[in-house]
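Chains as they are written, first to last, in the working numbering: chain A, 2 to 359; chain B, 664 to 982.
The next block holds one structure in the form of structure tokens; read it before the comments.
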């Protein structure tokens, strides 16, 4: 055996043994690069190349001269950066929730809004818009994200208890159907409330289309703890989700407490989703498409799928937000439009060229 | 088979009897209503015909029970002294104070013809805010209810024309002319000698997610004589109500910020100054954040004079 052949075999073995670590490292690298990239482009602010230089300059010890004015830095750090970071957290959380729920329900059509989070949050937000808001600016906390968060959680709790039916058994199918029913019910209530308060239609519509455009650091601080907590819980369940891929009964036979895994994953993904929806509005598409793209590229193992969903989902939403703020300068293009416009053709292309893993 | 054949004619006959009874009832009912409507007294100057957004409206007598589905029209009717003739208004007609007593749950945005007719109006006034305005007008006309539509104004002349038409329809021509000439005089006075310094700009905020208006809107036209440039102009979206980008607002560095979201969303000068990064904006530094009344700003009624005067006072101080 020649030396080069040995090297090749060794490299192959290394890649095979460490493919998980490599994939995750690559996705983290993409994630961080896209955060910096996202901070470089906007309708105003400094020349794009000054941004990375200035970011390096702001690090402790290092000094790099970027020649950026204080106004430009203000735009980059106070307006653009919180928006980029929020997009990262929202995109990451929605993709991770979507992937995890697809796992516990063994259903590829599941998205993070399935159990009623979106509808509940929408109703909560609508109710806040319809109350007389005079004086709310002096409240210690903004009631809007709070109501959206609470609404999202309540809707899922309702779904969960309604799905019990006559028996104690909560099958995945029952939960999904109860989620569909609760979503319709809550959406109907929202439509009714809106009908009686037609003056807030524009505000509600603007909320539904996504609120990244007004992101600031306090939004980031508000969601960060929930996202970190939920993401940690979901990532720890990746191995169990892999076991559950073979079926509930089989997984139980192997010693997995299927019911407990399911409820834990649902609770964690609901809390994370409700938190990001509360500050960002309803951003669709990310939570269902990103996990599928990753499955198509790297295979169906949840140990790989979950972390990649978070990082790639975050990167995807940051990238989608860039045309949103540049195309119609000085106006905005709704992010939901961009995610679907960029994401759908790309996904269809992958679907045609790849074999769909089970 | 035979059984069915024998029963069929009798069923049809029964249906015919019921149907003819209905027809008779309808004939009697419509006959009654048309004879009673003839008894309405006609006053001097009628019939009156005006051409509004919905085509021509002809009134044979002074209207005594007007249903207004437009807060703007309600303000106009009260301003010209026709308030007593208003019987019911939509749920947003909150001005003037005495109009609040006429407020009902009628919706101006999604009007319901049945709900409107229960007030037996002899004139319905509405704006074109409703997407289904044409359908409503057709339905009301079919019921012989006169409808006047005042579309959203795009200029002050539109406002004057609408006030004048309402004056003619309600037998308050003189008062309407007085209101219009006073408005013209006050607005001319507000514009007179008030000119913003060159390169002055303004940002007009519709809500805290930075929705704004361009100069192509009524409010843009009303502010145009001050010589300020609107930072929302030139948006590639082509919308007259674009959602602006926060970076673009800071970069545009408006000399004045006009807040039309003080009531809806409780925004005020302090809240705007506290927005991250906004402290660099000239309007914030020079305390040129002007809180407007949302209702006045979103309507095109007689109170637009107050808004123009309020802005004029602030433009004077611009450096």
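Note that beta-carbon positions come from the ideal geometry of N, C-alpha and C, so glycine has one too.
Three-way DSSP call (helix, strand, coil) for residue i in this model
i: residue 346/A; result: helix
i: residue 334/A; result: coil
i: residue 811/B; result: strand
i: residue 893/B; result: strand
i: residue 131/A; result: helix
i: residue 315/A; result: helix
i: residue 873/B; result: coil
i: residue 257/A; result: coil
i: residue 121/A; result: helix
i: residue 351/A; result: helix
i: residue 37/A; result: helix
i: residue 972/B; result: helix
i: residue 907/B; result: strand
i: residue 715/B; result: strand
i: residue 1/A; result: This structure gives no information on residue 1/A, because the portion of chain A shown stretches from 2 to 359.
i: residue 271/A; result: helix
i: residue 150/A; result: helix
i: residue 963/B; result: coil
i: residue 63/A; result: coil
i: residue 211/A; result: coil
i: residue 142/A; result: coil
i: residue 977/B; result: helix
i: residue 942/B; result: helix
i: residue 58/A; result: helix
i: residue 218/A; result: helix
i: residue 111/A; result: coil
Residues sharing a beta bridge with residue i, DSSP
i: residue 605/B; result: For chain B, the structure presents residues 664 to 982; residue 605/B sits outside this window and is missing.
i: residue 954/B; result: 922/B
i: residue 868/B; result: 922/B
i: residue 766/B; result: 752/B
Limits of the beta strand (DSSP E) - the one that residue i falls within
i: residue 758/B; result: Taken as a continuous stretch (DSSP letters only), residue 758/B belongs to no beta strand (DSSP E), as it is neither H nor E.
i: residue 718/B; result: 718-722
i: residue 880/B; result: It is not in any beta strand (DSSP E) - residue 880/B carries neither H nor E in the DSSP assignment.
i: residue 751/B; result: 749-752
Continuous alpha helix (DSSP H) stretch holding residue i: start and end
i: residue 831/B; result: 819-833
i: residue 241/A; result: 239-245
i: residue 853/B; result: 836-854
i: residue 936/B; result: 932-936
i: residue 796/B; result: 796-805
i: residue 183/A; result: 173-197
i: residue 291/A; result: 287-299
i: residue 93/A; result: 82-106
i: residue 738/B; result: 734-742
i: residue 79/A; result: Per DSSP, residue 79/A belongs to no alpha helix (DSSP H) and is neither H nor E.
i: residue 780/B; result: 776-780
i: residue 947/B; result: 945-948
Min CB distance residue i to chain D below 7 Å
i: residue 870/B; result: Here chain D cannot be found, since the structure's protein chains are A and B.
Supposed close pair residue i, residue j - CB separation, criterion 8 Å
i: residue 867/B; j: residue 921/B; result: 5 Å
i: residue 287/A; j: residue 96/A; result: 6 Å
i: residue 99/A; j: residue 157/A; result: Actually they are not in contact, since the Cβ atoms of residue 99/A and residue 157/A sit about 15 Å apart, beyond 8 Å.
i: residue 827/B; j: residue 839/B; result: 5 Å
i: residue 241/A; j: residue 257/A; result: 6 Å
i: residue 101/A; j: residue 270/A; result: 5 Å
i: residue 281/A; j: residue 91/A; result: 5 Å
Any non-hydrogen atom of the ligand GDP closer than 6 Å to residue i Cβ
i: residue 122/A; result: Here there are no bound small molecules, and the ligand GDP is not part of this structure.
Practice problem: Take every Cβ of the stretch 76-91 of chain A, pair it with every Cβ of the stretch 108-124 of chain A, and state whether three or more of those distances are shorter than 8 Å. | Solution: By the criterion of at least three beta-carbon pairs nearer than 8 Å, the stretch 76-91 of chain A is not in contact with the stretch 108-124 of chain A.
Practice problem: Could you tell me whether the stretch 25-45 of chain A touches the stretch 313-320 of chain A, where touching means 3 or more Cβ pairs closer than 8 Å? | Solution: Touching, yes.
Exercise. Flag this pair as touching only if the stretch 66-80 of chain A and the stretch 293-305 of chain A have three or more C-beta atom pairs under 8 Å; answer yes or no.
Key: Result no; under three Cβ-Cβ pairs closer than 8 Å.
Self-check item: Touch test, the stretch 853-861 of chain B against the stretch 733-747 of chain B, Cβ-Cβ under 8 Å, three pairs minimum
Solution: Too few Cβ pairs lie closer than 8 Å, so no.
Self-check item: Any 3 or more C-beta pairs closer than 8 Å across the stretch 719-738 of chain B and the stretch 782-799 of chain B
Solution: The way I'd put it, the stretch 719-738 of chain B does touch the stretch 782-799 of chain B; three or more beta-carbon pairs between them come closer than 8 Å.
Quiz item: Using 8 Å as the threshold, is the stretch 840-851 of chain B in touch with the stretch 873-881 of chain B, meaning 3 or more CB pairs across them?
Solution: Fewer than three Cβ pairs drawn from the stretch 840-851 of chain B and the stretch 873-881 of chain B lie within less than 8 Å of each other, which leaves the two stretches out of contact.
Quiz item: With a cut-off of 8 Å, do at least 3 Cβ pairs link the stretch 885-900 of chain B to the stretch 325-336 of chain A?
Solution: The stretch 885-900 of chain B is in contact with the stretch 325-336 of chain A.
Quiz item: At a cut of 8 Å, does the stretch 925-936 of chain B reach the stretch 907-916 of chain B through at least three beta carbon pairs?
Solution: Because the criterion of three Cβ pairs below 8 Å is not met, the stretch 925-936 of chain B and the stretch 907-916 of chain B do not touch.
Exercise. Answer yes if the stretch 709-721 of chain B comes into contact with the stretch 760-772 of chain B, meaning at least three C-beta pairs across the two stretches below 8 Å, and no otherwise.
Key: In this structure the stretch 760-772 of chain B does not touch the stretch 709-721 of chain B; the number of beta carbon pairs closer than 8 Å is below three.
Quiz prompt | Any 3 or more C-beta pairs closer than 8 Å across the stretch 243-263 of chain A and the stretch 938-953 of chain B | solution = In short, these stretches do not touch, since the Cβ pair count stays below three.
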